[in-house]
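Asker:
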Amino acid sequence: MLAAGSAWQASPEGLRIAMRLTPRGGKDALGKVEVLSDGRPVLAARVRAAPTDGEANQALIRLIAKTLKVSASQVSIAQGATSRVKMVLVAGDGEKLCAALEGLTR
109 MLAAGSAWQA
119 SPEGLRIAMR
129 LTPRGGKDAL
139 GKVEVLSDGR
149 PVLAARVRAA
159 PTDGEANQAL
169 IRLIAKTLKV
179 SASQVSIAQG
189 ATSRVKMVLV
199 AGDGEKLCAA
209 LEGLTR
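Residue numbers for the sequence shown follow the numbering used here, beginning at 109 and rising by one.
Here it is as structure tokens:
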């Protein structure tokens with residue numbers, strides 16, 4: 109479970125990020141934190157890839173890995189593989205990854 113008001117949280121496994129992915133978004137980029145209609149905060153992301161055969165998910169994994177300077181094998185889609193709203197897990201030191209992501213989204 110994520111902390112109230114935050115789209116990401118350090119966990120024993122690493123960093124958990126609630127995300128909303130927009131495939132065919134024109135460029136690969138992380139956006140800002142948005143609030144869904146049900147009140148959940150999510151980190152917005154856009155990728156150029158289409159949502160077919162898992163291409164958009166793979167592009168998201170590469171984007172997060174590049175942004176946080178970790179290997180793509182450390183990033184996985186924990187929930188929502190076929191949904192726009194996903195839970196992404198980044199394996200590693202959760203506190204350091206959390207601090208890195210906070211620094212990037214300010």
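Glycine included, C-beta positions come from ideal geometry on N, C-alpha and C.
Using alpha carbons as the reference points, say which of P131, P120 and L144 lies closest to L171.
Answerer: Indexing the sequence shown from 1 puts residue 171 at position 63. Ranking P131, P120 and L144 by Cα distance to L171 puts P131 first.
Asker: If you reduce the DSSP assignment to three classes, tell me which class S179 lands in.
Answerer: By 1-based counting over the sequence shown, the position of residue 179 is 71. Looking at S179 - three-state DSSP - the assignment turns out to be coil, as it is neither helix nor strand.
Asker: Contact between the segment 119-131 and the segment 190-203 is defined here as three or more beta-carbon pairs at a separation below 8 Å; is this criterion met?
Answerer: yes
Asker: Rounding to the nearest angstrom, what Cα-Cα distance links C206 and L123 in this structure?
Answerer: Here residue 206 refers to the residue found at position 98 of the sequence shown. Here residue 123 refers to the residue found at position 15 of the sequence shown. It is roughly 6 Å from the alpha-carbon of C206 to the alpha-carbon of L123.
Asker: Under three-state DSSP, which class holds L209?
Answerer: The residue you call residue 209 lines up with position 101 of the sequence shown. Correct three-state label for L209: helix.
Asker: Go through its chain and collect everything with a Cβ distance to M109's Cβ below 7 Å, but skip five positions before and after it.
Answerer: What you label residue 109 is simply residue 1 of the sequence shown in a count that begins at 1. Only weak support exists for where M109 lies, its pLDDT of 46 falling under 50; the coordinates are left without a value.
Asker: Go ahead and label G202 buried or exposed: buried means 16 or more other beta carbons lie within 10 angstroms of its beta carbon, across all protein chains shown.
Answerer: Taking the first residue of the sequence shown as 1, we reach residue 202 at position 94. The residue is buried, with at least 16 neighbouring Cβ atoms inside 10 Å.
Asker: Tell me the DSSP secondary structure of R170 in three-state form.
Answerer: On the sequence shown, residue 170 is found 62 positions in, with the first residue counted as 1. In the structure shown, R170 sits in a helix (DSSP, three-state: H, G or I).
Asker: Pull up the distance between the alpha-carbon of D136 and that of K204, whole angstroms please.
Answerer: Your numbering for residue 136 matches position 28 in the sequence shown. Your numbering for residue 204 matches position 96 in the sequence shown. Answer to the nearest angstrom: the Cα atoms are 23 Å apart.
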